[in-house]
Amino acid sequence: MFYRQRAVRTPDRAPRESTRLNGLKRLAERAWSGFLTYAVKFGVVGFAGFLIDVGIFNLLFLGAFGTGHFFATAIGAKLVSTSVAIVFNWIGNRYWTFRENRRKNVGLELVEYALVSIGGLVIAEACIWFTHHILGLTSVLATNIAANVVGLVLGTAFRFVLYRYWVYGEQRSDGMQNLAAVAAEREKSLVSS
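For our numbering, add 18 to where a residue sits in the sequence shown, where the first one is 1.
As structure tokens, then:
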């Protein structure tokens, strides 16, 4: 009545496939974690820069320093506010967000950073120009939405990708990668001396 069913032997692929999947999963988690870390730090620095940018833009555009000059126009105010924010963001990104991959050649890094930032500025300025000259919307609200919402989102995406993969890319041969390894090597040479 009761009989034992014989187990059918199948090739033992499950552990190997499971190991591969776990390896891929760990690799994806590590890559996502690294990306997420950069994105959060970039966001914090960028948010502080955003506050600086919007604050200076509105002070100039609303005439806090007088009217009738180029810097009281939307384009002029955005030029000044973004320039100040670029310098602030460069310092924050160089010494915090991308510190492991910052360049030894500070001048070259600053030039590359400025070029990418100018690209982001051109995107924001194009949004203002489009809003004013194509859509015919020139109110303070429309100008702020064009410059500080649409222009900001498009410019931020552009800047993050180019900062991450060009200015501070890990493939850069003159980057200051593995700062801990460099410090350990220095310490090791001091101890052995």
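Note that CB positions come from ideal geometry on N, CA and C, so glycine has one too.
Note that the structure is a prediction, hence the values are computed from the model and not measured.
Reduced DSSP category for residue i - H, G, I as helix; E, B as strand; rest coil
i, result
"phenylalanine 116", "coil"
"leucine 153", "coil"
"tyrosine 186", "coil"
"alanine 198", "Interpretation of alanine 198 is limited by its pLDDT of 48, a score under 50 that renders its predicted location unreliable; the figure taken from the coordinates is listed afterwards. Here alanine 198 sits in helix by DSSP."
Backbone CA spacing between residue i and residue j [nearest angstrom]
i, j, result
"arginine 38", "glycine 52", "21 Å"
"tyrosine 186", "leucine 78", "32 Å"
"valine 72", "glycine 41", "45 Å"
"isoleucine 152", "leucine 97", "20 Å"
"phenylalanine 83", "asparagine 76", "11 Å"
"alanine 90", "glutamine 189", "42 Å"
"alanine 160", "tryptophan 147", "11 Å"
"leucine 126", "phenylalanine 178", "18 Å"
"arginine 182", "threonine 174", "12 Å"
"leucine 69", "valine 63", "10 Å"
"cysteine 145", "glutamate 130", "23 Å"
"arginine 112", "serine 101", "16 Å"
"alanine 92", "valine 58", "30 Å"
"valine 124", "glycine 110", "14 Å"
"valine 167", "phenylalanine 176", "14 Å"
Buried versus exposed, by CB contacts within 10 Å (16 or more), residue i
i, result
"serine 99", "buried"
"tyrosine 56", "buried"
"arginine 44", "exposed"
"isoleucine 141", "buried"
"tryptophan 114", "exposed"
"serine 135", "buried"
"alanine 164", "buried"
"glycine 138", "buried"
"glutamate 143", "buried"
"leucine 133", "exposed"
**Length at least 4, wholly inside the region 36-114: the alpha helix (DSSP H) runs in chain order** = As far as the region 36-114 is concerned, its whole alpha helix (DSSP H) runs of at least 4 residues are 92-110.
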